[in-house]
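Engineer: To start, I am sharing the structure in question, which I have written as structure tokens.
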Amino acid sequence: MAGKERAIPAPGVNPETEVFWNAAKEGKFLLRSCDDCGKSHWYPRAVCPHCLSEKTSWNEHPGGGTIYSVSVMARAPEVYAVAYVTLDGGPTMMTNIVDCDFSTLKIGQKVKLVFKPTQGEGAPPFPMFTPA
Amino acid sequence: MTIKGKAYIAGAYEHPTRLAKDKSVAQLHAESAAGALRDAGLTKDDVDGYFCAGDAPGLGPLAMADYMNLKLTHLDSTDVGGCSYISHVSHAAQAIAMGKCKVALITLAGRPRSEGHSGATPRMRGADAPDTQWEFPLGIATVNAYAMVAARHMYEFGTTSEQLAWVKVAASHHAQHNPHAMLRDVVTVEQVVNSPLIATPLHRLDCCVVSDGGGALVVVHPDIAKTLKRPMIKVLGAGESMKGQMGGAVDLTYSAAVRSGPMAFSEAGVKPSDIKYASIYDSFTITVVVQLEDLGFCEKGKGGAFVADGNLISGVGKLPFNTDGGGLCNNHPANRGGITKVIEAVRQARGEAHPAVQVKNADLVLAHGTGGLLGSRHGGATLILERE
Numbered sequence: 012m013a014g015k016e017r018a019i020p021a022p023g024v025n026p027e028t029e030v031f032w033n034a035a036k037e038g039k040f041l042l043r044s045c046d047d048c049g050k051s052h053w054y055p056r057a058v059c060p061h062c063l064s065e066k067t068s069w070n071e072h073p074g075g076g077t078i079y080s081v082s083v084m085a086r087a088p089e090v091y092a093v094a095y096v097t098l099d100g101g102p103t104m105m106t107n108i109v110d111c112d113f114s115t116l117k118i119g120q121k122v123k124l125v126f127k128p129t130q131g132e133g134a135p136p137f138p139m140f141t142p143a
Numbered sequence: 329m330t331i332k333g334k335a336y337i338a339g340a341y342e343h344p345t346r347l348a349k350d351k352s353v354a355q356l357h358a359e360s361a362a363g364a365l366r367d368a369g370l371t372k373d374d375v376d377g378y379f380c381a382g383d384a385p386g387l388g389p390l391a392m393a394d395y396m397n398l399k400l401t402h403l404d405s406t407d408v409g410g411c412s413y414i415s416h417v418s419h420a421a422q423a424i425a426m427g428k429c430k431v432a433l434i435t436l437a438g439r440p441r442s443e444g445h446s447g448a449t450p451r452m453r454g455a456d457a458p459d460t461q462w463e464f465p466l467g468i469a470t471v472n473a474y475a476m477v478a479a480r481h482m483y484e485f486g487t488t489s490e491q492l493a494w495v496k497v498a499a500s501h502h503a504q505h506n507p508h509a510m511l512r513d514v515v516t517v518e519q520v521v522n523s524p525l526i527a528t529p530l531h532r533l534d535c536c537v538v539s540d541g542g543g544a545l546v547v548v549h550p551d552i553a554k555t556l557k558r559p560m561i562k563v564l565g566a567g568e569s570m571k572g573q574m575g576g577a578v579d580l581t582y583s584a585a586v587r588s589g590p591m592a593f594s595e596a597g598v599k600p601s602d603i604k605y606a607s608i609y610d611s612f613t614i615t616v617v618v619q620l621e622d623l624g625f626c627e628k629g630k631g632g633a634f635v636a637d638g639n640l641i642s643g644v645g646k647l648p649f650n651t652d653g654g655g656l657c658n659n660h661p662a663n664r665g666g667i668t669k670v671i672e673a674v675r676q677a678r679g680e681a682h683p684a685v686q687v688k689n690a691d692l693v694l695a696h697g698t699g700g701l702l703g704s705r706h707g708g709a710t711l712i713l714e715r716e
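Residue numbers (this note's numbering), protein chains in the order written: chain F, 12 to 143; chain P, 329 to 716.
Here you go:
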């Protein structure tokens with residue numbers, strides 16, 4: 012297992028994204044997708060980055076994915092791993108890989124979603140991943 | 329419409345400081361400006377166009393233009409990170425071609441070393457930036473964003489740490505001849521791969537220096553260039569672009585150079601194999617490998633093999649690069665290496681590089697840079713220059 016865990020700053024929630032973060036507090040992981048072109052995207056936007064349609068909506072994703080790339084901050088005071096994870100059937104998102112032996116992490120590895128608490132009272136948890 | 333032949337780089341100056349505890353950022357901008365104008369044989373009263381990036385002190389270009397008491401008919405503070413200054417040369421040539429100005433001054437300066445900045449510390453790039461809430465909490469810094477590009481390049485193409493190390497080795501061979509370089513010791517592949525891992529798979533010696541300093545360029549109308557006593561360094565072609573996460577269709581294997589490079593080569597009417605010397609932004613060793621591939625100096629995925637065995641060392645390899653020692657060994661003022669890339673390309677084209685690293689008859693040179701984070705969203709700018 013990793014050593015001391017890094018304190019995660021709270022995300023700066025805004026009106027465009029508060030539905031996502033409120034769902035996160037209930038343990039639900041939402042993706043935003045476009046009602047016109049049908050594609051999902053990351054990070055979530057009200058306006059579709061694939062076709063600029065304003066008709067977008069939230070839907071829940073089960074949280075499975077595959078590591079696209081990963082880097083371990085080996086000399087940080089609390090070692091941590093940044094990664095891109097390609098969601099099953101969905102977009103690729105920047106995230107952290109947590110709760111694991113960082114030296115075993117590999118591109119192509121299957122991972123699953125875990126929400127990790129962020130700093131501050133009432134702050135929403137952040138979507139991260141751990142080996143499946 | 330083209331900028332080919334419409335403007336010349338008449339002045340180029342790299343501030344000699346690498347640690348400026350006793351100077352302000354505005355002062356470093358102005359000292360750099362004075363140096364470049366002296367180099368060109370012009371004065372501040374000749375300047376009618378001014379360019380800096382968004383990191384300059386004050387609102388856009390206003391505070392610095394006022395500090396230097398310039399009288400301007402054209403201003404531009406385009407900011408695409410460290411390669412902004414390469415874009416500025418292109419924008420200056422465009423403005424000159426359109427008759428908006430005749431003598432354009434470009435400045436950069438900063439004190440990240442004095443202020444204790446590091447590429448390993450997560451940086452907030454605007455609380456209101458739409459990506460900040462999704463990325464800043466993750467501890468995304470400069471080094472780990474580039475490291476993810478390196479990890480993917482190794483996975484897809486079999487690139488090795490030893491191949492990346494050759495980029496640093498080549499830079500160090502050049503830096504030994506530069507009295508201003510921060511790191512002048514020649515290093516070996518073994519030293520690079522045995523230096524501490526910072527963000528896997530990048531080691532400490534895969535990373536550029538953090539330095540204070542500055543630089544400036546003077547871009548002029550052909551009628552003015554002809555009156556000066558400096559070699560005529562013509563702007564032959566330029567291109568710029570950006571690349572992001574494409575709404576989640578992330579692909580870390582290539583950079584914005586796939587668009588900026590072909591635009592520049594097409595405008596210049598030359599091809600990569602014609603280039604005698606290349607300044608390639610070297611924030612990290614991997615940055616150089618990806619950009620060389622995307623600019624067409626080698627096939628995609630073969631950049632590791634291309635840089636190996638000294639191929640970037642002047643007098644040894646086929647493509648001499650960053651003969652000042654680059655960001656890896658010489659200087660990375662303000663954490664923005666674009667202007668020093670143009671300055672060394674100008675030195676080479678003039679035949680004024682250090683004799684130990686001067687490329688013979690370097691009459692066609694290239695400068696390319698990446699700004700922002702290669703691993704998330706970045707700008708790319710390419711510039712091709714020719715000595716008349």
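Just so you know, even glycine gets a beta-carbon here, dropped at the ideal spot from N, CA and C.
So does P/L347 have its beta carbon nearer than 7 Å to some heavy atom of the ligand NAD?
Structural biologist: By its list of ligands, the structure shown contains no ligand whatsoever, and the ligand NAD lies outside what it can speak to.
Engineer: Taking only beta-carbon positions, decide if P/N472 is within less than 8 Å of chain F.
Structural biologist: yes
Engineer: Relative to the alpha-carbon of P/S704, which residue among P/P590, P/D579, P/I603, P/S523 has its alpha-carbon at the smallest distance?
Structural biologist: P/D579
Engineer: Taking the DSSP output, what are the residues bridged to P/G707?
Structural biologist: P/M570, P/G699
Engineer: Assess contact between the segment 345 to 360 of chain P and the segment 515 to 530 of chain P, defined as three or more Cβ pairs (one per stretch) separated by less than 8 Å. Is contact present?
Structural biologist: no
Engineer: Does any C-beta atom of chain P lie closer than 8 Å to the C-beta of F/F137?
Structural biologist: yes
Engineer: Looking only at C-alpha atoms, which of P/L466, P/A364, P/H357, P/G333 sits nearest to P/R675?
Structural biologist: P/A364
Engineer: By the criterion of Cβ-Cβ separation under 8 Å, what are the contact partners of P/M476 in chain F?
Structural biologist: S80, V81, S82, V93, A94, Y95
Engineer: Where does P/N639 fall in DSSP's three states?
Structural biologist: coil
Engineer: Using CA atoms only, rank isn't needed, just tell me which of P/I331, P/Y336, P/K332 is closest to P/R678.
Structural biologist: The option with the nearest alpha carbon to P/R678 is P/Y336.
Engineer: For a quick check, are the C-beta atoms of P/S405 and P/G382 less than 8 Å apart?
Structural biologist: yes
Engineer: Any idea if P/T615 is buried or exposed, counting beta-carbon neighbours within 10 angstroms, 16 or more meaning buried?
Structural biologist: buried
Engineer: Starting from P/S412, follow the alpha helix (DSSP H) in both directions and report where the run begins and ends.
Structural biologist: 412 to 425
Engineer: By the criterion of Cβ-Cβ separation under 7 Å, what are the contact partners of P/I468 in chain F?
Structural biologist: V93, M105
Engineer: I need the DSSP call for P/H343, collapsed to helix, strand or coil.
Structural biologist: coil
Engineer: Determine which residues share a DSSP beta bridge with F/E71 and list them.
Structural biologist: F/L41
Engineer: So that I know if they touch, is there some Cβ in chain P lying closer than 8 Å to that of F/P20?
Structural biologist: yes
Engineer: What residues of chain P sit near F/H52, judged by a beta carbon separation below 7 Å?
Structural biologist: G575, G576
Engineer: In terms of residues, what are the limits of the alpha helix (DSSP H) holding P/I671?
Structural biologist: 666 to 678
Engineer: According to DSSP, is F/S80 part of a helix, a strand, or is it coil?
Structural biologist: Looking at F/S80 - three-state DSSP - the assignment turns out to be strand.
Engineer: Would you mind working out which of P/S611, P/A499, P/N472, P/S418 sits nearest F/S80, comparing C-alpha positions?
Structural biologist: P/N472
Engineer: For F/V24, which residues in chain P fall below 8 Å Cβ to Cβ?
Structural biologist: Q461
Engineer: Report the CB separation of P/F411 from P/A709 in whole angstroms; it is logged as a contact under 8 Å.
Structural biologist: Checking the sequence shown, residue 411 of chain P turns out to be Cys, not Phe. Indeed, because the Cβ distance is near 4 Å, the residues count as touching under 8 Å.
Engineer: For P/L356 versus P/A437, is the C-beta distance shorter than 8 Å?
Structural biologist: yes
Engineer: Is DSSP giving F/S51 helix, strand or coil here?
Structural biologist: strand
Engineer: Leaving aside the five residues before and after P/G327 along the sequence, list all residues of the same chain whose C-beta is less than 8 Å from its C-beta, in chain order.
Structural biologist: Limits of chain P in this structure are 329 at one end and 716 at the other, which puts residue 327 of chain P out of reach.
Engineer: Please list, in chain order, all residues of the same chain as P/S642 whose beta carbon is under 7 Å from its beta carbon, the five residues on each side excluded.
Structural biologist: H502, P648, T651, V685, V687
Engineer: Using a Cβ cut-off of 8 Å, pull out every chain P residue sitting near F/A34, in sequence order please.
Structural biologist: Those do not exist, as F/A34 stays about 15 Å from chain P at its closest Cβ, beyond 8 Å.
Engineer: Do you know how far the Cα of P/A362 is from the Cα of P/D373?
Structural biologist: 11 Å
Engineer: With 16 other CB atoms within 10 Å as the buried threshold, where does P/Q491 fall?
Structural biologist: buried
Engineer: Within 8 Å (strictly less), CB to CB, does P/Y582 reach chain F?
Structural biologist: no
Engineer: Report the residue ranges of all alpha helix (DSSP H) runs contained in full by the segment 541 to 594 of chain P; include only those spanning at least 4 residues, in chain order.
Structural biologist: 550 to 553
Engineer: To the nearest angstrom, how far is the alpha carbon of F/A143 from that of F/G75?
Structural biologist: 8 Å
Engineer: Sorted by chain position, which residues of the same chain lie with C-beta nearer than 7 Å to F/G101's C-beta, five sequence neighbours on each side aside?
Structural biologist: L42, S51, H72
Engineer: Looking at the C-beta of F/P102, does it have a partner C-beta in chain P at a distance below 8 Å?
Structural biologist: Yes, F/P102 counts as interfacial toward chain P.
Engineer: Can you grab the Cα-Cα spacing for the pair P/G645 / P/C626, in whole Å?
Structural biologist: 14 Å
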